[in-house]
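Colleague: Protein chains in written order, with the working numbering: chain F, 1 to 367; chain Y, 1001 to 1367; chain L, 2001 to 2367; chain C, 3001 to 3367.
4 protein chains.
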Amino acid sequence: MKKQIPPQYYHDYLNLEDLLTSQELLSEKAGERAHDEMLFVIVHQIYELWFKQILFELDSIINAFDRDVIRESHIGIAVSRLSRIIEIQRILIDQIQVLETMTPMDFLDFRDLLTPASGFQSIQFRLIENKLGLTAENRYEYGHRDYKSQMHDEHQMILERSEASPSLFELVEHWLERTPFLVFEDFNFWEQYRSAVDEMLASDRKIILKNDKLSSKQKKTHLQEYENTEIMFDSLFDKKKHNDLINKNEKRLSHKATKAALLILLYRDRPILHNPYKLLSKLLDVDELLTTWRYRHTLMVARMIGRKIGTGGSTGSSYLKESTEKHRIFSDYGNLTTFLIPRSLLPRLPDEILRNLGFYYNSSTHK
Amino acid sequence: MKKQIPPQYYHDYLNLEDLLTSQELLSEKAGERAHDEMLFVIVHQIYELWFKQILFELDSIINAFDRDVIRESHIGIAVSRLSRIIEIQRILIDQIQVLETMTPMDFLDFRDLLTPASGFQSIQFRLIENKLGLTAENRYEYGHRDYKSQMHDEHQMILERSEASPSLFELVEHWLERTPFLVFEDFNFWEQYRSAVDEMLASDRKIILKNDKLSSKQKKTHLQEYENTEIMFDSLFDKKKHNDLINKNEKRLSHKATKAALLILLYRDRPILHNPYKLLSKLLDVDELLTTWRYRHTLMVARMIGRKIGTGGSTGSSYLKESTEKHRIFSDYGNLTTFLIPRSLLPRLPDEILRNLGFYYNSSTHK
Amino acid sequence: MKKQIPPQYYHDYLNLEDLLTSQELLSEKAGERAHDEMLFVIVHQIYELWFKQILFELDSIINAFDRDVIRESHIGIAVSRLSRIIEIQRILIDQIQVLETMTPMDFLDFRDLLTPASGFQSIQFRLIENKLGLTAENRYEYGHRDYKSQMHDEHQMILERSEASPSLFELVEHWLERTPFLVFEDFNFWEQYRSAVDEMLASDRKIILKNDKLSSKQKKTHLQEYENTEIMFDSLFDKKKHNDLINKNEKRLSHKATKAALLILLYRDRPILHNPYKLLSKLLDVDELLTTWRYRHTLMVARMIGRKIGTGGSTGSSYLKESTEKHRIFSDYGNLTTFLIPRSLLPRLPDEILRNLGFYYNSSTHK
Amino acid sequence: MKKQIPPQYYHDYLNLEDLLTSQELLSEKAGERAHDEMLFVIVHQIYELWFKQILFELDSIINAFDRDVIRESHIGIAVSRLSRIIEIQRILIDQIQVLETMTPMDFLDFRDLLTPASGFQSIQFRLIENKLGLTAENRYEYGHRDYKSQMHDEHQMILERSEASPSLFELVEHWLERTPFLVFEDFNFWEQYRSAVDEMLASDRKIILKNDKLSSKQKKTHLQEYENTEIMFDSLFDKKKHNDLINKNEKRLSHKATKAALLILLYRDRPILHNPYKLLSKLLDVDELLTTWRYRHTLMVARMIGRKIGTGGSTGSSYLKESTEKHRIFSDYGNLTTFLIPRSLLPRLPDEILRNLGFYYNSSTHK
């Protein structure tokens, strides 16, 4: 039974007494208030509150996937909470425009006082990255320094624990590897898909060869690119080649999970695959928006401090630039579109399988 | 001389230890955590942090205008800080989309626990309204209850103090009334303007009369509207009529300030009027965005609670709807466009006056 | 078999030769180009291109619903195309900001030349309204004039045809009335729901009565509101009362469709109801965004022309204001939240029914 | 005198008859309509209409700067038209979200028919780049092919003409080089600035050296970065070094223009510098938004086609990625923040100069 809760007042419920007095301006302590430091503090506090919310949702999604049997409803919950994270990320990006109302000159008024405080020390942001699945070896190492090095000891421990726990990337990969709805028994899907692919690639090749506007030099370039496409397909059909790419750090998702994810993409029109498809699609959204945020942030920092060393003694702008690409986590899902084939070439699934992927409305209840 | 400040760490500088533990879920206290209550708390905390920032900027703008001699630089500062408020308001509106990821059903899980907490009790939002210039008599009174009645005593006092202090509306009005750059001495601006207006109105009237597609009934309607336009111009030329409209609560800005504001609009191309024009324009933006926020908020609340009584025992959605229009503060500036006349009809200012409204680049330094 | 298509060039494929020469400035014809007329023309052309796309999607959705047996896949297609319409509507709203870079003074330079052209004459916008389900009687009649009166004859005929064809509102209502997945046979859902409602209403009533902060006058107000809630529930349980509200134009959706829609809301967690829930939710989004667009448009027009008569001899701003509320089409779906009850009170469906609302993963295929 | 213009109807004024029939679907010609091709066509037509508007504004800005004496009002016009371009660019970026409602699978339905049409062939986009100031040598050359090679002959000529005409970059550079308001006569600004810089750099250096948390290896890294900062300042004080950087393609803006731009940044609070500061700032905005658009576009294309060859036989995604950084035009203005110094260290300008940078309100007219 639920306990009784005393009547609430807005101000107390939200702890506003503390919240609204937690802005301490260093410039004021130093004797001369810099007007824009208030914005700087509040914007960063708001970032951290959003990060807390993202972590809260992320933990619940990880929890939904960290079990043996994953139900439809777990996927449904994951999809709607990822959607929430995505809406928050859009705000994170948009609110850079607020911070940009501070000019570089106004920032100079208090910038030196911040040393060595820096956004690099945001433990929550690092946790988000770790929980999504960024690995220590994929981190861009700025200035020969571990990303945890400038943090409080207890925060270092929290981060280490998150590195050791299964990430969302790993849990979803594991789920894909044992996904039940795509076991075809007798039906040889992959053989039929392969012959469709061969047909499509042959047509792509012809497009290049018959393009009269291309010089022979240009044709050569295109044919090289075409061969790269072939090589990518090879890795799809050959686990060993796929694993080679993983070893070269060009792919991350396992061969088995890749094939399951591709099937979800190809047959996403079937009701049972709606939510799995959305799941993969939203993971990619989260990844792209994280990258877009880093990118917009880079532009903003570059504009704010030019090429000088950042607060915390960092060349913030170069760091952010490097990490933009390197820190992608779910890009393998995006690259799956390489393997799409036109609907007309798609192997037609046997009725038995089709039925397992749909709903049955009891038509007799129709009036 | 500046005092020495010890080295700062991000986590401490932003007071994150307190900030990130200040979310207490009532559903948890009641024995069963409602997942979405975290979002509800954090979104509202973020609203309040933004409100604090808006108040901080607003106070500094009010301070810039609360003096005898107002310099160009004061106007410049007001313009750039209003721009910041505007960017924040855009975020306030956009972030409604985050809250909308909570479904009405999810809200029901903890809604009853909130009683009687309600956004109506946000003292900061009321302060923003008061400082901008919303008067007690223009407030939509919900349920025969003063807007301060459900607040802590010290908050009631703070609000009363803000009601008694000069608002931004009043300060800008006062500044307009004594604005120096529009004293024309011998040049009779208003006489020339009036004859231009008469010419324009006559042409408008002809447009209606010669429109063959209008039935005589429709023409009548249009002519009535045309006469309303004439009446509005009458009030511009006749202080008494203007004051009548003020008494009927159809206008608020004084006759003298209205004329100064119109001159700023008409000659806004002159360098010296750039910033004054932007000032008026941004006050209108702030007002519109506040209204847009209320409007979007209304739609969201209606969708969340339907037509039931809100948290705090309020019919939130009807309140918000009523207040949307009633709480406009600077709409008189928007209505000034009624009085614009085409550039071609605009009285040409004497050279002497023109010179006072511009810069002089020493052309000899041109090479 | 597909026909061969000759090689395409971007410029020709998009018909850019025509498209980019289709801007004719009246101010240029009149002898003096007004710089901002180009923006005015192009922004409106872009609006019309987006309207064409919305109509294209809308027609395909209507087509999907205009049949006897509606499959899961039809709902899925409707949901994804409504999502596209929603994204377009967001752009329609945002792009008002581009038009707002034109100042009222700049508009005056060519405004009089436009007579009597006016956005009221956009046939595509009227078609969107008609196809969604706005009825002729619900239209705000501006100036005693039919909305078709200022259009070309063939356009009047197209609009009349759209008025006579089944609208999306009607088709979805019809689908809801015969929706098969909510036939409960022996299980008496509505009896159990009603007793849950009674319990909830009694608790709401207690909240008002025990609130010490309310004066007796305020309590009276709240109790009246509470009784309104009761009346609304009455109409849910009594078809006659529901029809009375329809006759008074306070509701539009039929009693049977209302009940089906409410069941979808209440059990939207069940896989089979995912898409039907999204359908209703997105129809409401479309409606709200249309309203939001009208609202933002109103503010913009008011700012642009003040209280003067609009192009086409209309008092544009007052029209837009009136129509904002009156032209809502799907608000009944939003009001359904009034009838939500907490999950804990929700009647537990029998296993047999639950099974019909879900998927069955063949657990033996799990490895 | 103005010519008479006959009455206009909305439909005719906007040429809607042609505009709304200018969408020809290749999939329809090929015998099987692909539903999503309509969106593809309309979105790209809308892009091109926006590009036309951007070019229209850009031409008028270039025209304002392509003269011997540039007045305050020219700068003012440039600033407000750049603001308009910026608002359009924001829409260009946002509307990618509309195109993203098309799935890769839906795109496959008509993608092959488009060969070799491709966004690379947009002459208007190339013109925008050329007119802003992208030089042929700074273009990322995709597949050993000139960017003009796949265009109609007359379009190639138009592009060649734009390459040969003065770009906005060059015109603004030229204006900065002869800007009159920063001639200081006797006052030795640069000497005083240099000693302020030396003071600031010495302090930055101390920050690194006294940071106990840095290992000696890390300190070395930081000191190298610090030295890079010194080298950048050297180039500011030494024209020869600056020109070396230009020759190495690390800078583009001339030494003289760089110094003028820096002065504008440093004293942007002075009324006369408001608009010049905004001009530089908005040029940077345009550049960043162009880059952001390319970046978002890259992500979208990658997601749509994976790593396969693009329409037009291009590896669209790799191209877009390469060009993102390489095609920046105004980044030198962003890098100027490197040279900012705190307000407290800023040389105090002599009264005579200050007076030339401000307005004079005739205080006697104050009442």
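Don't be surprised by glycine CBs; every beta carbon is placed ideally from N, CA and C.
Is there at least one Cβ from chain F nearer than 8 Å to C/ALA3302's Cβ?
Modeller: Judged by the 8 Å Cβ criterion, C/ALA3302 is in contact with chain F.
Colleague: Mark F/MET304 as exposed unless 16 or more other C-beta atoms lie within 10 angstroms of its C-beta, in which case mark it buried.
Modeller: Buried, because 16 or more other Cβ atoms sit within 10 Å of the Cβ of F/MET304.
Colleague: Let me see if you follow: with CB-CB separation under 8 Å, is L/PRO2104 close to chain C or not?
Modeller: Chain C contact via Cβ: absent.
Colleague: When you check each C-beta in the segment 3044-3056 of chain C against every C-beta of chain A, which residues fall closer than 9 Å?
Modeller: Included in the structure are the protein chains F, Y, L and C, with no chain A among them.
Colleague: Leaving aside the five residues before and after L/ARG2328 along the sequence, list all residues of the same chain whose C-beta is less than 7 Å from its C-beta, in chain order.
Modeller: So the list reads ASP2287, THR2291, once near-sequence residues are dropped.
Colleague: Are Y/LYS1131 and Y/ILE1062 closer than 8 Å when you measure CB to CB?
Modeller: Yes, they are a contact pair.
Colleague: Compute the distance between the beta-carbons of F/THR229 and F/ASP332, then report whether it is under 8 Å.
Modeller: Taking 8 Å as the Cβ cut-off, F/THR229 and F/ASP332 do not qualify as a contacting pair.
Colleague: Check whether the Cβ of Y/HIS1255 lies closer than 8 Å to any Cβ atom in chain F.
Modeller: For Y/HIS1255, the answer is no, since every Cβ of chain F falls outside 8 Å of its Cβ.
Colleague: Taking all protein chains shown into account, decide if F/ASP212 is buried (16 or more other Cβ within 10 angstroms of its Cβ) or exposed.
Modeller: Counting Cβ neighbours within 10 Å, F/ASP212 comes out exposed, since fewer than 16 surround it.
Colleague: Can you tell me whether C/LYS3326 sits near the ligand MG, meaning its C-beta is under 7 Å from at least one heavy atom of the ligand?
Modeller: Within the structure as shown, the ligand MG is missing, as the structure has no ligands at all.
Colleague: Would DSSP call F/MET102 helix, strand or coil?
Modeller: Of the three classes helix, strand and coil, the one that applies to F/MET102 here is coil, per DSSP.
Colleague: Distance check for Y/GLN1121 and Y/GLN1150, CA to CA, integer angstroms please.
Modeller: Cα to Cα, the separation comes out at about 7 Å.
Colleague: Going straight from the alpha carbon of F/HIS222 to that of F/ILE208, what length do you get?
Modeller: Whole-angstrom Cα-Cα distance: 7 Å.
Colleague: Alpha helix (DSSP H) containing Y/ILE1042: first to last residue?
Modeller: Element bounds for Y/ILE1042: 1037-1065.
Colleague: Between the C-alpha atoms of C/SER3254 and C/ALA3261, what's the straight-line distance to the nearest angstrom?
Modeller: Rounded to whole angstroms, C/SER3254 to C/ALA3261 spans 10 Å at the Cα level.
Colleague: Against chain C, does L/MET2038 count as a neighbour if the rule is that its beta carbon must be under 8 Å from one of theirs?
Modeller: It does: the Cβ of L/MET2038 has a partner Cβ on chain C nearer than 8 Å.
Colleague: Taking only beta-carbon positions, decide if C/GLN3156 is within less than 8 Å of chain L.
Modeller: False, the Cβ-Cβ gap to chain L never drops below 8 Å.
Colleague: Please report the residue range of the alpha helix (DSSP H) in which C/ASN3130 lies.
Modeller: From DSSP, the alpha helix (DSSP H) with C/ASN3130 extends over 3123-3132.
Colleague: Is it right to say F/SER118 is buried, meaning 16 or more other beta carbons lie within 10 angstroms of its own, or is it exposed?
Modeller: By the 10 Å Cβ count, F/SER118 comes out buried.
Colleague: Can you look up F/ASN247 in the DSSP assignment and give me helix, strand or coil?
Modeller: Note: F/ASN247 maps to helix in three-state DSSP.
Colleague: For the alpha helix (DSSP H) that contains F/HIS222, what are its first and last residues?
Modeller: Per DSSP, F/HIS222 belongs to the alpha helix (DSSP H) from 216-237.
Colleague: Enumerate in chain order the residues of its own chain whose CB-to-CB distance from F/PRO104 is below 8 Å, with the five nearest sequence positions on each side excluded.
Modeller: Closer than 8 Å at Cβ, skipping near neighbours: ARG303, MET304, ILE305, GLY306.
Colleague: Return the CA-CA distance between F/GLU87 and F/GLN95, expressed in angstroms with no decimal places.
Modeller: About 12 Å.
Colleague: Compare the C-alpha of C/ASP3068 against each of C/VAL3172, C/ILE3005, C/PRO3342, C/MET3232 and name the closest.
Modeller: When each option's Cα is compared against that of C/ASP3068, the closest is C/VAL3172.
Colleague: Please confirm if Y/TYR1295 has its CB atom under 8 Å from at least one CB of chain L.
Modeller: Judged by the 8 Å Cβ criterion, Y/TYR1295 is in contact with chain L.
Colleague: Counting only C-beta atoms, is Y/ASN1275 closer than 8 Å to chain F at any point?
Modeller: Answer no: the Cβ-Cβ gap between Y/ASN1275 and chain F never drops below 8 Å.
Colleague: Determine the contact status of C/ILE3128 and C/LEU3058, defining contact as a CB-CB distance below 8 Å.
Modeller: Cβ atoms of C/ILE3128 and C/LEU3058: closer than 8 Å.
Colleague: In chain L, which residues lie less than 9 Å from Y/PRO1342 when you measure between Cβ atoms?
Modeller: The answer, in chain order, is MET2105, LEU2108, ASP2109, ARG2111, ASP2112.
Colleague: Which chain F residues are close to L/ILE2076, counting only those with a beta carbon under 9 Å from its beta carbon?
Modeller: It should be pointed out that residue 2076 of chain L corresponds to Gly in this sequence rather than to Ile. Chain F residues near L/GLY2076: ASP269, PRO271, HIS274.
Colleague: Ignore the nearest five residues each way along the sequence and tell me which others in L/ASP2153's own chain have a CB closer than 8 Å to its CB.
Modeller: Taken in chain order, the list of residues that qualify is empty.
Colleague: Can Y/ASN1015 and F/GLU24 be called in contact, C-beta distance under 8 Å?
Modeller: Their beta carbons are under 8 Å apart, which means Y/ASN1015 touches F/GLU24 by this criterion.
Colleague: At a CB-CB cut-off below 7 Å, which residues of chain Y make contact with L/LEU2299?
Modeller: Those are GLU1288, listed as they occur along chain Y.
Colleague: Just the C-alpha distance for L/SER2314 and Y/ASP1234, rounded to the nearest angstrom, thanks.
Modeller: Bear in mind that a pLDDT of 45 at L/SER2314, under 50, signals an unreliable position, so the number given afterwards is only what the model happens to contain. Roughly 22 Å separates the two Cα atoms.
Colleague: When you compare the CB of F/ALA428 with every CB in chain Y, is at least one pair closer than 8 Å?
Modeller: Nothing in the structure corresponds to residue 428 of chain F, since chain F is present only between 1 and 367.
Colleague: Report the three-state DSSP secondary structure of L/LEU2289 (helix, strand or coil).
Modeller: The answer is helix: DSSP assigns L/LEU2289 an H, G or I state.
Colleague: Relative to the C-alpha of L/PRO2006, which residue among C/GLN3097, C/THR3115, C/LEU3349, C/TRP3190 is closest?
Modeller: Ranking C/GLN3097, C/THR3115, C/LEU3349, C/TRP3190 by Cα distance to L/PRO2006 puts C/THR3115 first.
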